[in-house]
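Here the structure comes first, spelled out in structure tokens, and everything after it is commentary.
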Ligand code: PPS
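Residue numbers (the numbering used here): 291 to 859.
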């Protein structure tokens, strides 16, 4: 197994001439605008990274993969690669139709010959692939709340790869890597899969792993989609480039992988192995909790710490890549060097900084010692994450009509503007409906669109270091959750439930709407004839009955201070 076959791997692209002709024909086909995740999947389908897949999975392959980790013909494949679409689009398509797959600018990347169309049972998929139908798992949440309800399957004809404008020189297709390895005479190559910045311990462990396997090293970070909340790939790549200089020259290469991870733990590890085999690698480092999704809704880990290693080992021969055990490296103060944790004698002083502690130090602008990380890496991370009191954030009020959201939001805005430092924008329910959502009504679908628009604007404000204050009713838990995710990618999200009771809101009836709703003159009125799902664990809950507005706004300010979001100027 250690002698890889570095001959070219089959791609799904046609020749440039045929692509030109097919593109013209595809112009009149039904066309699907790919989601960011589907673009990642399509790129790896087309360039052979997902070989032997020839397209998005058909129903038989999908069922086999979900239940047995195998396609209908028995081939090992752990992750469903499916084209999820909307009901509306699926309604236009029958098996036998060719469809054009477009990127987000409308460029046609591929043609798919649809052979299958089905409505998946997403709970079965979640249980089978991720081991739990639990929305705390980011991909299970994506499956239920982002992915379309219908799947289309069928082979893909590649016309052109998606365009990347960032780090072009660091992106390699499987065949580009294979040919580079051939040229350099690299025969044994260890892959290091990562979605995090690398610090000294990683550099030590990857270097050792390669040395022990007498192999070259490929740092192969994922830059497609990773776990929500991860450090963005632009920052990470600058960090990787800095670390690359620390390896002996000509032993190590850095290449970026445009994979959309699924955080599927053991199954994901096997999938990563297959992808690495396709890229011409012979070994892969698999560590504790590989591709772990974090805690489930009970507060426990989804997978055991060594489950990924066990599943990988079991299927190693079929994967075609040898697993290299991830040695936990720790810093021994007396000897001022990193050593494997399991080789250290009792009594030695071992230093370590956990991921949580590192994030705290970055957040609070505290020292990060040189034994822990490289100064260039720390500099990049600090640039990316200034102390919390300088970062953008969103305060998201939710509650019934007339609960006092807007009034508290206004008071909060003024207090924050008085403090100065960051620009503040108020996205009040009524104001948004006037300027952004004029055409929308109050059906569930329209309310969701409205809230997602607010979430999008707030996420942009947060990303750019401002403060967004939102004050819609936002009656649905799942929608509030997806807004939280959008925003937490860039900064803090503070959900404030204005918990004034329905009786009190109706008693006040400031706009006379409750009376009209009771008389049936306004339909789908929240609390009367439409649901309001009470937030279970908001950052703050305030009840305005018997409390003045100033005090309520003050409670929010204290919460912001406690979270480190406002502090001494
Ligand atoms: S939602 O559910 O979040 O999209 O609603 P939102 O954009 O905040 O709009 C709520 C305001 O619209 C008025 N209004 C209604 N509210 C609830 N249900 C129905 N059917 C309805 N029709 C009109 C109402 O004035 C809400 O304002 P607030 O400030 O919440 O009182």
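The beta-carbon is built from N, C-alpha and C at its ideal position, and this holds for glycine as well.
Query	Result
Beta-carbon proximity list for residue 422, same chain, < 8 angstroms, skipping 5 on both sides	416, 430, 586, 592
CA nearest to the CA of residue 659, picked from 491, 320, 565, 336	491
C-beta contact flag for residue 510 and residue 483 at 8 angstroms	yes
Distance, residue 673 Cα to residue 295 Cα	43 angstroms
Residue 773 and residue 741 closer than 8 angstroms at C-beta	yes
Helix, strand or coil at residue 292 according to DSSP, with G and I counted as helix	Because residue 292 carries a pLDDT of 49, less than 50, the predicted location of this residue cannot be relied on, and the following value inherits that uncertainty. If DSSP states are grouped into helix, strand and coil, residue 292 belongs with coil.
Contact test: residue 711 Cβ vs ligand 1 heavy atom, cutoff 7 angstroms	no
Of the listed residues 305, 478, 601, nearest to residue 571 (C-alpha basis)	478
Whole-Å CB distance - residue 790 paired with residue 693, under 8 angstroms assumed	4 angstroms
Helix, strand or coil at residue 591 [DSSP, three-state]	strand
Runs of beta strand (DSSP E) wholly within the stretch 676-748 (minimum 3 residues, chain order)	683-688, 714-718
Residue ranges of each beta strand (DSSP E) within the stretch 599-657, 3 or longer	612-615, 619-622, 627-630
Sequence-distant residues of its chain with Cβ nearer than 6 angstroms to residue 493 (five each side left out)	533, 536
Closer than 7 angstroms: residue 816 CB and nearest ligand 1 heavy atom	yes
DSSP-derived helix/strand/coil call for residue 785	strand
Check: residue 719 C-beta below 7 angstroms from any heavy atom of ligand 1	yes
Beta-carbon contacts of residue 634 that lie in its chain and below 8 angstroms, excluding the five residues immediately before and after	620, 622, 640
Short Cβ contact (8 angstroms threshold) for residue 654 with residue 854	yes
Reference residue 409, options 501, 353, 388, closest by Cα	353
Closer than 7 angstroms: residue 296 CB and nearest ligand 1 heavy atom	no
Any non-hydrogen atom of ligand 1 within 7 angstroms of residue 722 CB	yes
Nearest residue (CA-CA) to residue 559, options 519, 508, 611	611
Residue from 315, 468, 424 whose Cα sits closest to the Cα of residue 299	468
Runs of alpha helix (DSSP H) wholly within the stretch 318-363 (minimum 4 residues, chain order)	326-336, 349-358
Cβ neighbour criterion (16 or more within 10 Å) applied to residue 356	buried
Where the beta strand (DSSP E) containing residue 444 begins and where it ends	440-448
Proximity test, residue 765 beta-carbon vs ligand 1 heavy atom, cut-off 7 angstroms	yes
Contacting residues, own chain, Cβ-Cβ under 7 angstroms from residue 393 (five flanking each side not counted)	324, 329, 399, 452
Identified DSSP bridge partners for residue 388	403
Three-state class that DSSP yields for residue 824 in the structure shown	coil
N- and C-terminal bounds of the alpha helix (DSSP H) containing residue 568	555-568
Supposed close pair residue 757, residue 682 - CB separation, criterion 8 angstroms	7 angstroms
N-terminal and C-terminal residue of the beta strand (DSSP E) that residue 506 is part of	506-511
Own chain residues within Cβ distance below 7 angstroms of residue 526, not counting five before or after	487, 511
CA-to-CA distance, residue 307 to residue 313, given in whole angstroms	10 angstroms
Own chain partners of residue 663 with C-beta closer than 7 angstroms, once the 5 adjacent residues on each side are dropped	489, 490
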